[in-house]
Each structure stands twice: as structure tokens, then as C-alpha cells.
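For reference, the structure discussed in these notes is given below.
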Amino acid sequence: MKVTTEKLPKSRMSLQIELDAARFERGLDQAARRFSQKYQIHGFRRGKAPRVIIERTFGREALIQDAQNDLISKAFQDAIIQEEIEPIGPAELDVITSVDPFVFTITVPLPPTVKVGDYQTIQVPFEPDEITDEQLEGMMEAMRDRHVVLKELDEPRPTQEGDSLKVHLETFVNGETLDEREEGEERPEHTLDLVKGRLLDELYTALIGVNVGDNVDVVSQMAEDHEDERVRGKEVTFKVEVLGMQERVLPPWEELPQLQEFEGTLEELRTKTRNDLETTARHVAERKVLDTFIDHVLEITEFDIPDVMIENMADDMLKDQGREFARYGITLEQMLQFRGETREQAIAALLPEAEKRTRVTLALAEVVEREELNVAEEEIEAEIIRAVADYSEEQRAQVMHAFQGEMRGMIFNALIDRKLRERVLKLAAGIEPSVAEEPVDEAGSAVEALEGEAQDAEATSVSETAPVTRDEPVTSEERTL
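The sequence shown: position 146 = 137 (this note's numbering), numbered continuously.
Written as C-alpha cells, this is what we have:
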């Protein structure tokens, strides 16, 4: 058997395979025996007709047609052994060039080729945001606001700072409403807290001093970078009808530690809150270092990836979506039906993101190998013991069995990911991670975190957004003073 190989783009290889005559004829002999067993040939018992009679009866082309699948399959298996090829997906038959001699061409996907550049020269500044006194006090106010109580007014009065209003609110741009609802459907009710900074300045100012039953029109110019593209850079009119009013009663500051179930004084709670904000800022800065490092690594990496690998990643992503929806009692098929998509269309839509994830995974795997990161058995055992300790006594035996079995590989990967994170922060920014050892989480890993986008630690400025509404206000029945 003669095999000629040719390397193709996207990590594929073309194999032109030519069978020797003897092997080809043996294949036709086997086809003739199958014909003899399948069909009754006049003058011969079933299965006893010789090949020459079979070939004269059905024709040589019929025998070749019957034999070719078996010939191709066995020849291909021998060829990949002979050429020491390890396909990572199903082969594709391209063409049968001739039958005398029998020559065919088949293409196979190969493991990807990844060439990472000099990633050790990548430098990324580590710049955690400084926590200001204003941010700290804003967080303390938000903490206190969680324990607000809504109290009915003893007697009617105009609205004032801190009140909670129940309103009908409609938003108009160029005279057209942005609030979609069915014909005849009542306008939805919203709750607005009259707290400076939570509403647009114009809306806040207009609603101070009004009474229940009043109608207020407010015009505001939206920012060019507003999150809602429908109002971005446009003049917006808000039509507000005040339906009801309650007084928001905040707890005294000195009660806040107890309400937060914090053992300490108010100043100690403030100190802890600042430390928490600084820790979050550090985590966000680390996240930015990791994301920027990955972006640079991808820029200096050459990839040759077979399509089947990306398609498999997209399929896994779709299955992940299905598992997420299954938590709410929705099957993957129902989800696709709701979207109006076939499974193939859903996978096709995921291909761009799947390719990005595949590139990140392959590049980081190459970094792991170059940095010689590994995990000792003792480290795995220690992590298992630490993880099992978080479960109740009744659960520990079952959890230990799972960790020692099918989940052991997950723990190994999570520990490698942790070491990778530490090494990247040291290489790119010259810092140690804020948390030297993070617990293994079966829902994710450090590499998955590396693949994600950094979350913004700063609260969005509500003064530049549409009115903040609260559909489920806290009432005095739900919380006492």
C-alpha cells in the first residue's frame, strides 16, 4: 500500500492511498462471497457460487461498489498506523481517483499547532483604584439603605428628600413612547426613591415638593454614551403621575453593625468595609492584568486549529446553556424552539466565541507547559481534604468518593489553573496574587476566570441613566423599626 501525505491549512492532512492489486482483489473476493450469501444463484447452493459466476452475473462494477467502503476503511486504518498519524476527529473521503489501481484521497483533522511567542517579556501595569472617602461613605449609605422601612404618612404633605413614590412613569423620545404594552393595557406602576444621585437630576428636582395626584413632565438630555441606545444623546421626556407616597425611615447609624450581623463598632464596620472595597479593587486590577496578558499572548501566538475542535467547543457551550436552563425546568430543545433555531444554527452562532475560547485555552496550555507547572499528589490530597471539610458529616463520605474518583481530574486542573494565575501575575506585573490559595470550585476554575471579562467594581453613575425604579418596595409589614 502506497501512502502520500500532504499537510493542509487548519491542521488537516490529506492522505492519498493506493492499494496494491493483491489487496484490491482480496476485497473483491470478499464482496463476491457476500453476494453469494445474499442472492440465490441458479445452479449453486446459497453461498457456494464462485466469484467468476458472481462477477459475470452482477458485473465487476457491482463488486467494486460493494467492496469499496470496507477497502477504504481498512486501508485508512493501516495508513494512519503506517504514517504514525493521530487524528482528533472523523476523516472525510474526498475522492476515489481510480479503481485500477484503487486510489482514493481522504482528509483527517490533526491536533492543533500552537506557537507562542516570548510571553515572558509582556509587562502589564498593576493599578488598583484608590478607594476614596466618598466611595466608602456611599457604600455605608447603601448598607444602611438595605434596612430602610417604608412608613405610611400620618397626614398628606408634599414630597421631600428620602420619600418613596409609587408612580406611573412613561418615557418619550420625539413624541413616541418607549414603553411597549398591549392596546388597552394599564400603565405599569414603578417605585422611585427620592434620593439624590439615584435619579436623573432633572427628575429628582421636579419631584421634590409635589403631591399625590400631581402630574409632572420632565425633559432631560441623555448622555452620548448612555447604556440604552434608544435614548443615547437624545432629548427625553418623562411623564410622571404620582400615585402614592411613603416615608423612608433609615435606622440609626449606631444600629447598623447589629443589623449587618457584624460583631464590632460602627467604626470597625467602616474599616472592614474599606478593606473589602480595597480587596475588590485589587481583584479587579488583577483581573485586568490577566485579561491584558491573555490579549498580548494571543497577539504573539500562531494557531493552526482544525475546524472540528472549534465545533466541539461550540457544542460544549450549547450543552452548558442547556444545563443552565435545565435548572429552571427548561430543556435544550424547548430553549431552541423558543429561539426559533435548530441545533445546527445555534452551534453556528456560537462558533466565533468558541474559536476565541479555544485559542485562549490552547495558548494558556502552552504557557503551562513552558513554565513546567505541575501538581503533586500531596497537593491534590490536601485540596480534597480542605474541600470535603466544608460539607456536613453525613455528606463527607459521598463527597470524598466523588473527589477521589471522577472529580479528581477537576481538582488537578483547578490547582494547575491557580498556579498559572499566580505565575502570570508574577511575570506580567511583578506581584503576588491577593489570595495565595483559593478553594477549588467545581463550578469553575481559574482558567475559566482568565477567559472571562473583568467585572467593573465601580457602581454605575445613576445620575447619567434612566430613573432607578424598584418594583418591590420594602414595607413596614416586612420590616419593623
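Yeah, the Cβ is synthetic: ideal placement off N, Cα and C, and Gly gets one too. Predicted, not measured: the structure shown is a model, and the values here were computed from it.
| Item | Value |
| --- | --- |
| Proximity of valine 107 and isoleucine 291 at Cβ, strictly below 8 Å | yes |
| At least 3 beta-carbon pairs within less than 8 Å: the segment 342 to 356 vs the segment 300 to 319 | yes |
| Endpoints, the alpha helix (DSSP H) within which serine 27 is located | 12 to 29 |
| Own chain, CB closer than 7 Å to alanine 12, minus 5 neighbours either side, in chain order | Pro92 |
| Leucine 185 Cβ short of 7 Å to the ligand MN heavy atom set | With respect to the ligand MN, the structure offers nothing, as it holds no ligand at all. |
| Three or more C-beta pairs below 8 Å linking the segment 150 to 160 and the segment 181 to 193 | yes |
| Beta-carbon proximity check, arginine 350 vs phenylalanine 294, cutoff 8 Å | yes |
| Residue range of the beta strand (DSSP E) that includes serine 155 | 155 to 164 |
| Span of the beta strand (DSSP E), counted from its first residue to its last, around asparagine 60 | Counting along the chain, asparagine 60 falls outside any beta strand (DSSP E), though it belongs to the alpha helix (DSSP H) covering 51 to 73. |
| Extent of the continuous alpha helix (DSSP H) run through threonine 283 | 257 to 290 |
| Contact the segment 161 to 170 vs the segment 234 to 248: 3+ CB pairs below 8 Å | no |
| Residues near glutamate 444 by beta carbon distance below 6 Å, same chain, minus five either side | Confidence in glutamate 444 is poor, its pLDDT being 33 and thus under 50, which makes the residue's placement unreliable; the coordinate value appears in the next sentence. Within the same chain, glutamate 444 has no close Cβ partners at all. |
| Buried/exposed call for isoleucine 407, threshold 16 Cβ in 10 Å | buried |
| 8 Å contact criterion, which proline 102 and isoleucine 71 should meet: CB distance rounded | That belief does not hold up - the Cβ atoms of proline 102 and isoleucine 71 are roughly 13 Å apart, past 8 Å. |
| Aspartate 61 beta carbon less than 8 Å from that of glycine 18 | yes |
| Whether valine 164 touches lysine 230 by CB criterion (8 Å) | no |
| Where proline 511 falls: helix, strand or coil (DSSP) | Here the chain covers residues -8 to 472 and nothing more, so residue 511 does not appear. |
| Where lysine -7 falls: helix, strand or coil (DSSP) | strand |
| Assigned secondary structure, isoleucine 338 (DSSP; H/G/I helix, E/B strand, else coil) | helix |
| Inter-stretch contact at 8 Å, needing at least 3 Cβ pairs: the segment 135 to 148 / the segment 317 to 330 | no |
| Contiguous beta strand (DSSP E) assignments of at least 3 residues, all confined to the segment 204 to 242 | 206 to 212, 226 to 240 |
| Three-state class that DSSP yields for threonine 88 in the structure shown | strand |
| Residues that valine 94 bridges to, as DSSP identifies them | Glu9, Ser89 |
| Candidates Ile122, Glu315, Arg387, of which the one nearest alanine 276 by Cα | Ile122 |
| For histidine 33, three-class secondary structure by DSSP | coil |
| Own chain residues within Cβ distance below 6 Å of glutamine 151, not counting five before or after | none |
| Integer-rounded CB distance, given that valine 227 should sit under 8 Å from methionine 213 | 5 Å |
| Cβ neighbours of glutamine 7 in the same chain (closer than 6 Å, five flanking residues each side left out) | Thr(-5), Thr96 |
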